[in-house]
Amino acid sequence: MPINMLKTKFAEIAVCVAATPDTPSAPLVTETAHAAKGYDLDVTVPADRVTGAARIMDEAAFMLEAITGVDWMAEQQFEIVYDYTAVALGARVVVRARVPRATPELPTISRIYPGANWHEREAHDFFGIVFTGHPELIPLLLPEDADFHPLRKDFGA
Amino acid sequence: MSLSHEFIMGLVRLTLYVVGLIAFAAFNAAYLSLCERKVPAWFQLRYGPKEVGPFGLLQPVADGVKLLTKQLLVQKGSDVLLFKLAPVMVITPAIMCLAVIPFSETLGARNINLGLLAIFSFSAIHVLGTMLGGWASYNKYASIAAARVVAQNIAYEIPLLLVIVALVMVTRTFNLHEIVAQQAGAFWHWNIFRLQASPLMPLAFLIFFTCMLAESNRAPFDMIEAESELVAGAFTEYSGMGFGLFFIAEYANIVVGCSLATVLFLGGWHCPFGLLPGLHWFMIKMYVLCFAVIWVRWSFPRTQFYGLLNLSWKFLIPLAFVHLMLTAVMLKLA
Amino acid sequence: MSIEAQTLHRETFILNLGPQHPATHGVLRIKLTLDGEYIEDAEPVIGYGHRMHEKMGENRTYAKFLPNTGRMDYVAAMFNTHGYVCAVERLAGITVPERAEFIRVITAELNRVASHLLWVGAFLIDLGGFTPLLYTFDDREQILDLLEAVTGARLTFCYYRFGGVCNDIDDDFIAGTRKFIAHLRSRMPMYHALITKNIIFRRRCEGIGPISAENCRKYGATGPVIRGSGVAYDVRKAEPYSIYPRLDFNVPVYGQGDCMARYLVRMDEIVESLRIVEQALDRLPGGPVMAEKVPRILKPPKGDCYFNVESARGSFGVRVVSDGTDKAYRMKLRSPCFSNLSLFQECSRGMLLADALALLGTLDLVIPDIDR
Amino acid sequence: MWNYLKEIFSGGYSLLVGMWITLRHTFRRPVTVQYPYESLKMPARYRGHIQLVFDAATGQPKCVACMACARACPSNCISLEGHKPEGATRRVVSKYTLDFTSCSLCGLCVESCSFDALEFSKDYNLAATKKDEYVMDLMKQAQGKQEK
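Protein chains in written order, with the working numbering: chain A, 1 to 157; chain B, 1001 to 1334; chain C, 2001 to 2372; chain D, 3001 to 3148.
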């Protein structure tokens, strides 16, 4: 599936924001230069629609490369980043979702991509992000009794 | 109480033989284990042990001393009696088997009429020993190995015995001494080349050799101590001389197997060219076979367990049957 | 019914494979639920070698993180460093001199050969054959000697820098590499005769541990694993980087998806990598090996970027998020082994223990790369 | 039936080939180096632990205690002190300690040095029985080497 078709599909579920107060709000789906960014499409979706995004990617035969978080302390938000790559196209799509730091919850995509299971557990380890509906959200890389989340910016090193 | 002269002499003779055989088994275990390290070292472009003694010749002594100084740990929950009995049960039959093997015309502990049967009945015990050792260890790896050893040995006993039955039909005796005596002369008199009895004789030798490898649990059939799967298999929990006895038994079994192959197929103490028969020819043949055993081990990967059973049931047993039939037909026609 | 009663009823037992086990090549533990020797469930338990490299990437400067990269996948350390420096260069907009790009490709491909040779030996150990390991080590050692002469280390090379490489290669290296290429090419028929054609090896590999292309995609398995399942996915072709688009090489693909296919992919990749090195040596341009005007303390502009390289084990990705300071705001390291191992649980179901270990071997795991 | 026999022969042949290959290797020279008796010469770029470079003319370390190496070190294992003797034009190092327990031999310190005052030692026999032995006083070590 070419990038522009994906773009229209993602436009339906992406977060809509206005660049300036005067302009009409537009979905946050940006085509980026691969040479500069390393990915071709940058999509931001609401947290509860990551499964929808995963479904679009699955239909387009994309592969899930990684799931990771970014702790935006200043905005009191976690950003969850999904990296997809198309085996046939060599195209790469980044799906982002933001959740509040206080209640970091979003649905799991491990039913669509079983490989997401470990990535989500890892993100849960490092950031404490809760993936609702995940079959076993227990520490993967950290000790099984770990109650800290080292990649949070307020975690004392 | 008066003891007759013959009885005392018999007792002395017996003691000497027992000591001699144990010494022979231990010596072989020591130096075959050195070979087991030196030979692959040559294959693998390295030197092997060379620090202890000249060319590492005292390495087995060092190994033995190390094993003797180690404590035999018994795991909590294991069956202590069986756990300690198993190594003995493995090594005793191996030494008993040596008793009936005629090393030369005159050298042999016991020349009994049913020598061949004696060997096969004794060698079945070591399977039981290994199985019990694995079972009594209270270790999952050892238990899996215990189950494997039984399945493997049952599968390989059949082609082995079929080949032996065919051979016995040809030789018409169970007496090992007599079997060798029948092969006197140059190498075309040996059983392996007795093509007039059955044209498949060389194949029968290969089947025998393969089964011998499998029976003594040697690579590529070392399923019971497959170290990349089962850590050390049935011997996982054994330490010190408990392990040492299994170790000696493994090499004693190789010696028994190779001796038997020499006796049954390669003309025992007879020279290939009909010259100077004697102990040295027996030893040369036996150690060449031992070298082959080591050589095979260090050349191939391990078989998979079903591959091992497939080999036995789908290839060795049918071939052994064909060989048996052919021998029978040839005997009838002759 | 209690858990114990259920277990009794199903007559299964749990076997802890590892963390110290000969077949796991490191501190990987696999919790096996076995029914006899058949695997009902295999749950990999990882994290024993976890060092939180991602946090280290956040609390030290970009340059100081360089040594860390070699310590994740230490068997193929060049690739991790390659991915990392390329990601930072992309973010900071540094262009690398041509000669440095060539040297990077030459050393990286040599490292790939070394890694694959090590894998072949280690895989044969998993299958119970010891001798091939020593032969491959002998050949691998020669690569390490070459790389040591250039980089100063045998394993954790730490050779690439932002904007180039830290040392230039000399004529001895070029001559030695050419000699090595000829040597390894002459050794390949020996390996095929000793290993590939061996009946026992073939029986252990053909049809064992099939992984479907669909499973590879769902689990994100890359590298020789996905190429052994019939998908010609290679980052060097899909998202060309460095000078790879200018080189002529094939991506070996085998469709069976079994252990044999993955083995053959790696064996062919050794040959292809030798071709790449040879071409790169032929066309090696002169000039500097470091970009000029690379600041000592690098402060990339705000933003994020992703860079992917084809490591010996699959696609190794680095996502760097910069907030404009001299330290990364977030550094995500996507290790190929992590994804490759994650499909083990599904694919090993119903297999025999020994076959599952062959499957585990063909995934080519480097445990510190999984744990990071 | 034909395939069955073919399999036996091709399989058996492959085993013989394997055995022939291992046997052939027997006649090649071993490639291993017998370490305590013979040791390899390290290549010129070998990254061992660091040591101070001495100026051949003055016999003093070239180091000016600019702290660049200590700053470049990812593991903070270098600590050094320097002072400026009266009348001298530049600072000299008075104490240079390398905590080898946390050194990762990355070589960033040598790269950061603008005075060529650091080099890699080619010594790789670094086994010790106590942790303290790895806290190396490079000044002392260098003096010891000079006296030799």
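Glycine included, every Cβ here is placed at the ideal spot set by N, Cα and C.
Are the beta-carbon atoms of residue i and residue j separated by less than 8 Å?
i	j	result
M1223(B)	L1072(B)	no
K3049(D)	C3103(D)	This sequence places His at residue 3049(D); Lys is not what is there. Contact: yes.
V1061(B)	P2022(C)	no
D2369(C)	D2035(C)	no
C3063(D)	V3093(D)	yes
L1266(B)	W1190(B)	yes
I13(A)	G52(A)	yes
L2124(C)	P1301(B)	yes
P2224(C)	E2272(C)	no
D2326(C)	T2061(C)	yes
F1291(B)	A1029(B)	no
A2149(C)	S2115(C)	no
G1115(B)	F1174(B)	yes
A3068(D)	E3081(D)	no
M1089(B)	A1328(B)	no
L1309(B)	A1124(B)	no
L2118(C)	R2140(C)	yes
Excluding the 5 residues preceding and the 5 following residue i in the sequence, name in chain order all residues of the same chain whose CB lies nearer than 6 Å to its CB.
i	result
M2001(C)	Low confidence applies to M2001(C): its pLDDT is 41, below 50, so where it sits in the model is not reliable, and the reading given next is rough at best. Cβ within range, chain order: n/a, list empty.
L2284(C)	F2102
A11(A)	P27, V29
P1202(B)	I1192
R2334(C)	G2317
M3042(D)	K3122
E2040(C)	T2012, T2033
A146(A)	P139
Y82(A)	I67, V95
E2109(C)	S2273, I2276, V2277
Give me the Cα-Cα distance between residue i and residue j, rounded to the nearest whole angstrom.
i	j	result
R3090(D)	R2051(C)	42 Å
D1079(B)	R1148(B)	20 Å
N2308(C)	P100(A)	30 Å
E1225(B)	A1145(B)	7 Å
G1077(B)	E2206(C)	41 Å
Q2047(C)	G1064(B)	A small fix is needed here, since residue 2047(C) is Gly in this sequence, not Gln. Cα to Cα, the separation comes out at about 40 Å.
R2349(C)	L2032(C)	10 Å
A1142(B)	L1160(B)	26 Å
N3150(D)	Q2020(C)	Residue 3150(D) lies beyond the stretch modelled for chain D, which goes from 3001 to 3148, so this question has no answer here.
F2079(C)	F2065(C)	15 Å
E1227(B)	M73(A)	51 Å
G2018(C)	V2027(C)	7 Å
K159(A)	C2158(C)	Limits of chain A in this structure are 1 at one end and 157 at the other, which puts residue 159(A) out of reach.
N2215(C)	V3017(D)	37 Å
Excluding the 5 residues preceding and the 5 following residue i in the sequence, name in chain order all residues of the same chain whose CB lies nearer than 8 Å to its CB.
i	result
T32(A)	Y39, D40, L41, D42
A3128(D)	Y3134
What is the C-beta distance between residue i and residue j, in whole angstroms, given that I count them as a contact (C-beta under 8 Å)?
i	j	result
V1293(B)	R1218(B)	6 Å
I2208(C)	A2358(C)	6 Å
R98(A)	Q77(A)	5 Å
Y2399(C)	C2086(C)	Past the edges of chain C, shown from 2001 to 2372, lies residue 2399(C), and the structure says nothing about it.
F1282(B)	F1103(B)	5 Å
Among the residues of its own chain, which have a CB less than 7 Å from the CB of residue i, if the five just before and after it don't count?
i	result
I1095(B)	L1021, I1022, A1025, A1252
Residues of chain G with CB closer than 7 Å to the CB of residue i, please, in chain order.
i	result
K2218(C)	This model lacks chain G altogether, as its protein chains are A, B, C and D.
(request) Below 8 Å between beta carbons is the criterion; list the residues of the segment 3038-3050 of chain D that meet it against any residue of chain C, in chain order. (result) P3043, A3044, R3045, Y3046, R3047
(message) By the 8 Å beta-carbon criterion, what residues does the segment 2305-2326 of chain C contribute toward chain A?
(response) C2305, Y2306, F2307, N2308, S2315, G2317, R2319, V2321
(request) Return the residues of the segment 1291-1311 of chain B that lie within a Cβ-Cβ distance of less than 8 Å from chain D, sorted by chain order. (result) W1295, V1296, W1298, S1299, F1300
(message) Output needed in chain order: residues of the segment 1020-1046 of chain B with a Cβ under 9 Å from some Cβ in chain D.
(response) V1039, P1040, A1041, W1042, F1043, Q1044, L1045, R1046
(request) Can you give me, in chain order, the residues of the segment 2103-2125 of chain C that have a beta carbon less than 8 Å from any beta carbon in chain A? (result) none
(request) Anything in the segment 1315-1329 of chain B with a Cβ closer than 7 Å to a Cβ of chain D? List those residues in chain order, please. (result) F1315
(request) Determine which residues of the segment 1212-1231 of chain B have a Cβ less than 9 Å from any Cβ of chain C, and write them out in chain order. (result) A1219, P1220, D1222, M1223, A1226, E1227, S1228, E1229, L1230, V1231
(request) With 8 Å as the C-beta to C-beta threshold (strictly closer), list the residues of the segment 3021-3040 of chain D near chain B in chain order. (result) I3021, T3022, L3023, H3025, T3026, R3028, R3029, P3030, V3031, T3032, Q3034
(request) Quick one: which residues of the segment 1134-1151 of chain B get their C-beta closer than 7 Å to a C-beta of chain C? List them in chain order. (result) K1140, I1144
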